[in-house]
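Peer 1: Have a look at the structure that comes next, please.
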Amino acid sequence: MGRAARGRSEIPVQRLPPILAEHSKPEDFDVLSLDSEGEDAWILNDIPASGCRPRWVIIEAYEASKVKSLAELPLRPAVVDSYSIGAQT
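Okay, structure coming up:
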């Protein structure tokens with residue numbers, strides 16, 4: 009059995025546009041999957057400023073089964089107008 013992790017690690021915080029630019033992501037690509045421990049909607053708001061347009065975006069949303077529209081989440085109008093809920097689990 010593995011050992012428990014101890015101590016602290018500092019992780020730099022970065023916005024989505026510089027991360028995508030650093031990795032030379034094309035303007036249009038198929039899937040962007042976000043898992044940022046409750047900050048997914050805030051990161052999703054950076055998509056319009058990133059210059060990229062993923063076809064599908066996978067996020068975690070608190071109590072997702074209760075969300076019927078992206079307008080119920082703290083998202084910018086540009087995100088709500090560009091995407092819709094395709095499926096929920």
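Quick note: to get this note's numbering, add 8 to the position in the sequence shown (first position is 1). Every residue gets a Cβ at the ideal spot worked out from N, C-alpha and C, and that includes glycine.
Opposite Arg84 in the DSSP bridges: which residues?
Peer 2: Paired residue(s): none; Arg84 is not in a bridge.
Peer 1: In this structure, how does DSSP classify Leu42 when only helix, strand and coil are distinguished?
Peer 2: In this structure, Leu42 counts as coil in the three-state DSSP scheme.
Peer 1: Classify Ala49 as buried or exposed, calling it buried when 16 or more other Cβ atoms lie within 10 Å of its own Cβ.
Peer 2: With 16 or more other Cβ atoms within 10 Å, it is buried.
Peer 1: Do the CB positions of Asp38 and Glu68 come within less than 7 angstroms of each other?
Peer 2: Cβ atoms of Asp38 and Glu68: not closer than 7 angstroms.
Peer 1: How do the stretch 13-21 and the stretch 50-63 stand: do at least 3 beta-carbon pairs fall below 8 angstroms, yes or no?
Peer 2: No, they do not touch.
Peer 1: With distances taken between CB atoms, is the gap from Ala79 to Val88 smaller than 7 angstroms?
Peer 2: Closer than 7 angstroms, so yes.
Peer 1: Pick from Gly59, Ser73 and Leu81: whose alpha carbon is nearest that of Glu30?
Peer 2: Checking every option, the nearest Cα to that of Glu30 belongs to Gly59.
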